[in-house]
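Heads up, the thing below is written out as structure tokens.
2 protein chains.
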Amino acid sequence: MMEKKESNITDWDKWTKLISEEYGVNLDKTDQETEKQKRILEAALHFFAEKGYSGTSTSMIAERAQVAEATIFKHYKSKKGLLLRLVIPALGKVATPYLIRSVLNIIDQDKPLYQLAQEIYADRVHKIEANWDKVRLILVESLFHPELREALKNHVLKAIYEVMSERIEELKAAGRIRQDIPTHALIRSFMSIALGYLIARNFAPEIMAQGKEEEELAWMAEIALYGVAGPAEKELWREKEE
Amino acid sequence: MMEKKESNITDWDKWTKLISEEYGVNLDKTDQETEKQKRILEAALHFFAEKGYSGTSTSMIAERAQVAEATIFKHYKSKKGLLLRLVIPALGKVATPYLIRSVLNIIDQDKPLYQLAQEIYADRVHKIEANWDKVRLILVESLFHPELREALKNHVLKAIYEVMSERIEELKAAGRIRQDIPTHALIRSFMSIALGYLIARNFAPEIMAQGKEEEELAWMAEIALYGVAGPAEKELWREKEE
DNA sequence: TCAGTTAGTGAGTGATCACTTACTTACTTT
DNA sequence: AAAGTAAGTAAGTGATCACTCACTAACTGA
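Taken in sequence, the protein lines are chains V and U. Okay, so the first sequence: first residue is 825 according to our numbering, each after it adds one. Okay, so the second sequence: first residue is 825 according to our numbering, each after it adds one.
Here is the structure:
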């Protein structure tokens, strides 16, 4: 297991190095930035998220950041380099064992599954909502930039899937998660419910996410674990099972 | 109920008229189109879906459609007009009672809920997969075009929600759907599972949608109705209930 | 027959695009 | 204090953008 993680990290590092050389972006020293660099990144994220990468011009970014357009190109060789500077470090954080472990720490607690599910939903939803602009940017732009799509799939999604499926298998063996459905479908559905909630919250809360966040998270955990069926249909199911 | 539907249609018609005048697009005679017009629409959908609206130039469309660039503007006054010509009739079909009723026809059958859920999933997934490019285009561009977002929310989503919630309430009253969770959360979670599947299929099938389509749809219905919890946790739940 | 309409286009339009060049300013190093 | 270096920018660059104009060709109805 340790080896697996290390090889993932190496893959990720190799990939970032390759990309950063191709586009001439420095992805290492993301902590020692000028005031103006920070303003450029803020402005870029603002417009990329609102209008999309293609719908944003470097002059718009320069104006909002109150810098000359040439300053942008001084620091991030190209417009795409700027996008990658925003997106890749964010992906790196997610792919990192650190963040994945925060979910595992919840799963490994000795509590009823319902409480674990609710805690996981709360943890992920809060983290994603706090960075909703960036998450949306990554998801949308991965549709149009093949390298981003690859990274999201082969580094982030795969890492999450591998770590989660390990625990799901354990829970299956303990009879705490149903064994008649493949792990990937269980994970996908569990995550879909959170994704749907996030979209609803940000797109049409007054129709599809009317409750308080706490309540919604509790309902999501209820549905994910026990389904939407009422007592009458549950009886049918019990009969079918036996 | 009849009145409600009619008023929805009127709203939709009013809205389309307003928009088509604002952007000078003819959205009525979508069936009597020239050969070249069809080629333009095909090329536009192709690039809009692949590169996004902003990432597509009218010259690209003209080249693929094998027409002069000016021909595009002869028929669709502006680039945005072309987008709306692609998107609005498609939205209209979804908002139409006809398509909504195809789901209701399934619900109204006298079968176990599990079979109904599976049939609904199959019906919607197949229809959406057949038009995946267009669906993706609508969802993505609604992020960047406020009028599209409004239309999707206030005409399509609302219409679907109202019709579905009516049936859910009935099923709740009959004890076939659980009554302790609000309708909007039930509908949202049910639809989220399908959305998640569609995304997985088109984005990372080898990780998150490994099964045959038939199998996946059955698993989705199982999870939506009865949840992911295994027998051990179901016992906990039954105790909690009593 | 001929005026009116529609489909279609080649050759442009100014505006804006991402990006470069040549330069100044300010700070650091020796 | 001299030399080097990084930050920052005004003023461009050619290419491409969405869109227009003036025109031809083909068809339609009176």
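From the three backbone atoms N, C-alpha and C, an ideal C-beta is built for every residue, glycine too.
Beta-bridge partners assigned by DSSP to Ile1001 of chain V: U:Ala1053. Contact annotation: Val891 of chain V and Arg863 of chain V have beta-carbon atoms nearer than 8 Å. At a beta-carbon threshold of 8 Å, the residues of chain U lying near Ile1001 of chain V are Val1052, Ala1053, Gly1054 and Glu1057, ordered along the chain.
For Gly905 of chain U, the number of other beta carbons within 10 angstroms of its own is at least 16, and it is reported as buried.
Met988 of chain V is outside the set of residues whose beta carbon lies under 8 Å from a beta carbon in chain U. Glu857 of chain V carries a coil assignment under DSSP once its states are collapsed to helix, strand and coil. In summary, Tyr922 of chain U is exposed, with fewer than 16 beta-carbon neighbours lying within 10 Å of its beta-carbon over all protein chains present. For His1008 of chain V, the chain U residues whose Cβ falls inside 9 Å of its Cβ are Ala1024, Ile1031, Met1032, Ala1033, Gln1034 and Gly1035, in order along the chain.
With fewer than 16 neighbouring CB atoms inside 10 Å of its own CB, Gln939 of chain U falls in the exposed class. According to the DSSP assignment, Val911 of chain U belongs to the alpha helix (DSSP H) that extends over Lys903 to Ala919. Taking 7 Å as the cut-off between beta carbons, the residues of the stretch 872 to 888 of chain V near chain U are Lys875, Gly876, Ser878 and Gly879, in sequence order. The three-state secondary structure of Lys958 of chain V, taken from DSSP, is helix. In this model, His969 of chain U and Ile1017 of chain U are separated by some 26 Å (Cα to Cα).
In this model, Asn978 of chain V and Leu915 of chain V are separated by some 11 Å (Cα to Cα). For Arg991 of chain U against Ile931 of chain U, the beta-carbon gap comes to about 5 Å, under 8 Å, which counts as contact.
With contacts defined as CB atoms closer than 8 Å, Gly1051 of chain U and Gly848 of chain V fail to qualify as a contacting pair.
For Lys904 of chain U, no Cβ of chain V is located within less than 8 Å of the residue's own Cβ. Under the three-state reduction of DSSP, Thr834 of chain U is assigned to helix. If you ignore the 5 residues before and after Phe897 of chain U, its C-beta comes within less than 8 Å of the C-beta of Thr882, all in its own chain and listed in chain order. Look at Arg991 of chain V: its C-beta is not under 8 Å from any C-beta on chain U.
Counted as a single uninterrupted DSSP element, the stretch harbouring His979 of chain U is not any alpha helix (DSSP H), since DSSP gives it neither H nor E. Per DSSP, the unbroken alpha helix (DSSP H) holding Ser1016 of chain V starts and ends at Thr1007 to Phe1027. Within the stretch 934 to 959 of chain U, those residues whose Cβ lies closer than 8 Å to any Cβ of chain V are, in chain order, Pro936, Leu937 and Tyr938. Chain U places no beta carbon closer than 8 Å to that of Lys853 of chain V, leaving this residue out of the contacts.
Setting aside the 5 residues that flank it on each side, Glu1040 of chain V is surrounded in the same chain by Tyr1021 and Ala1033, each with a C-beta closer than 7 Å to its C-beta; the list follows chain order.
Each residue's CA atom was taken as its position, placing Leu869 of chain U and Glu859 of chain U some 16 Å apart. Per DSSP, Thr880 of chain U is not a residue of any alpha helix (DSSP H), being assigned neither H nor E.
Against chain V, the beta carbon of Trp836 of chain U has no neighbour under 8 Å; the closest one sits roughly 17 Å away.
Contact check for Gly1054 of chain V against Ile1001 of chain U passes: the beta carbons are separated by less than 8 Å. The Cβ of Arg1012 of chain U sits closer than 8 Å to at least one Cβ of chain V.
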